[in-house]
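Heads up: the structure comes next, in structure tokens.
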Amino acid sequence: LTSGAFWAVVHAPSPGLLLLAYLAFGFASMLFAFNFAHDFSHQAVFKHRFWDNLGYTVLYTMMGAHAEAWKHRHVHSHHYAPNVKDYDTDLQITNWMRVEPSAPLRWYHRWQHIYAPLAYATYSLYWITWKDGFVYMQDFRSGKLGLGYHLSFWAQKLVYFGYLLTIPLALSPVDTGWVILAFLLMHAAQSVFLLFTFFITHHVEATEYFDTDAEGYIRTSWINNQLRSSNDFFPFSRLANHVFGGFNNHIAHHLYPHIHHVHYPRLNRILYRELTQAGYSPNQTTFFGGVRSHLRHLKEMGQPEAVAA
């Protein structure tokens, strides 16, 4: 599907078909990344680390993200302490969005639940350009980068914009303006779906945010942090697990990140039973129920009373 959509991007004879081809490619490549790249980054596919590293590098390059920087943020920051300020870099989104109580409250946050979908539509382009570039420059100034990091960053960016924008601009029979517009609309649609999928796994009404003490220690156990900060949607569905690559089984993923996502539906039948017997009530929604809960959470976070003491 992904390769067929790319062929259509290059050969589509009209603006409408070009737009459909770009949208199909964006959706297919994102599901490809959901189902493979995420597991690769957690060393959950192959026995040898080299092949996992190669797999996630290739697939994140296909998505436009710098693979090495994303893996470091995701594995060593987000998974270590999700929803904990100063530990989880995924909380450092943008000043326009306030998802946790200790973040600064600004006057425009009272409307963030309204403008969120529009803001989310810009995120993937922001990520692969400004955010990746900002992280790269931070690391560059620190003097910690080796030659391999420099080469990987620039090579991945050149490959992405080369194959998905430059080649269509050069070969497509459709005018340049339509190619650029279709590329941007693909990113907008892809980004909205990606952001809502991510946010409903950690930022809904039922998920929690834990503080640190004066010495930087998190005020809860590791397992409680992972359980209370995560949300599942359709946790027993094989279809949802296949479509979302296990993102819908986020509690199991955070507890067992090195287990391949194909095992999560069966694992959840055991995990939910054991958690319930231990007194835990796993956070669970549907996909659209999670979207609604996330927007209500944003509305709550935009109010003055939603400020951490």
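Heads up: the sequence shown begins at 695 in the numbering used here, then just goes up one per residue.
For glycine and all other residues, C-beta sits at the position ideal for the given N, C-alpha and C.
Note that this is a predicted model, so its numbers are computed, not measured.
Discussion item. Could you compute how far the alpha carbon of THR677 sits from the alpha carbon of PRO959?
Written reply: Residue 677 falls outside the range modelled here, since the chain spans only 695 to 1003, and no answer is possible.
Practice prompt. Please look up how many angstroms separate the CB atoms of ASN935 and HIS955, rounded, as I've assumed it's under 8 angstroms.
Written response: 6 angstroms
Discussion item. With a threshold of 8 angstroms on Cβ separation, who are the neighbours of GLY983 within its own chain once the five nearest residues in sequence on each side are excluded?
Written reply: PHE927
Worksheet entry | Start and end residues, alpha helix (DSSP H) containing GLU762 | 761-767
Item to complete: Pull up the distance between the alpha-carbon of TYR774 and that of TYR781, whole angstroms please.
Response: 8 angstroms
Worksheet item: So, helix, strand or coil for GLN978, using DSSP?
Response: strand
Practice prompt. Please say whether ALA946 and ASN962 have beta carbons closer to each other than 8 angstroms?
Written response: yes
Discussion item. Please state whether the Cβ-Cβ distance between SER771 and GLU899 is less than 8 angstroms.
Written reply: no
Practice prompt. Go through its chain and collect everything with a Cβ distance to MET724's Cβ below 8 angstroms, but skip five positions before and after it.
Written response: MET757, GLN884, PHE887, LEU888
Item to complete: Label GLU999 either buried or exposed according to how many other C-beta atoms from any shown protein chain fall within 10 Å of its C-beta, with 16 as the threshold for buried.
Response: exposed
Worksheet item: Taking just the CA atoms, how far does TYR911 sit from THR751?
Response: 33 angstroms
Worksheet item: Terminal residues of the continuous alpha helix (DSSP H) containing VAL937?
Response: 932-938
Worksheet item: With a CB to CB cut of under 7 angstroms and the five nearest residues on each side skipped, what residues in its chain are close to ALA699?
Response: ALA715, ALA718, PHE719, ALA722
Discussion item. Could you give the first and the last residue of the continuous alpha helix (DSSP H) run that contains ASP733?
Written reply: 732-735
Discussion item. Would HIS896 and ASN729 qualify as a contact pair, given that the criterion is a beta-carbon distance under 8 angstroms?
Written reply: no
Discussion item. Please return the same chain residues whose Cβ sits closer than 8 angstroms to the Cβ of ARG743, not counting the five positions on each side in sequence.
Written reply: GLN737
Worksheet item: So is GLN920 buried or exposed if we call it buried at 16+ other beta carbons inside 10 Å?
Response: buried
Practice prompt. Determine the DSSP secondary structure at ILE964, reduced to helix, strand or coil.
Written response: helix
Practice prompt. Return the chain-ordered list of same chain residues with a C-beta closer than 6 angstroms to the C-beta of PHE893, the five sequence neighbours on each side being excluded.
Written response: HIS988
Fill in: Rounded distance between the beta-carbons of HIS948 and SER924, thought under 8 angstroms
5 angstroms
Discussion item. By the DSSP assignment, the alpha helix (DSSP H) with ASP746 in it spans what residues?
Written reply: 743-757
Discussion item. In the DSSP assignment, the alpha helix (DSSP H) including GLY698 goes from what residue to what residue?
Written reply: 696-705
Worksheet item: How would you write the range of the alpha helix (DSSP H) that PHE846 sits in, first residue to last?
Response: With the sequence shown as reference, residue 846 is identified as Ser, and Phe is not the correct amino acid for it. From DSSP, the alpha helix (DSSP H) with SER846 extends over 841-855.
Fill in: THR906 - DSSP class collapsed to helix/strand/coil
strand
Discussion item. Restricting to Cα atoms, I'd like to know which of TRP801, ILE822, ASN977 is closest to GLU902.
Written reply: ASN977
Discussion item. Among the candidates ALA864, THR980, VAL704, whose CA atom is the shortest distance from the CA of PHE890?
Written reply: THR980
Discussion item. Going by DSSP, what residue range makes up the alpha helix (DSSP H) through GLY710?
Written reply: 709-726
Worksheet entry | Residue environment, SER975, which counts as buried when at least 16 other CB atoms sit within 10 Å | exposed
Practice prompt. Locate the alpha helix (DSSP H) running through SER818, then write down its first and last residues.
Written response: 817-820
Practice prompt. Identify whether PHE941 lies in helix, strand or coil by the three-state DSSP scheme.
Written response: coil
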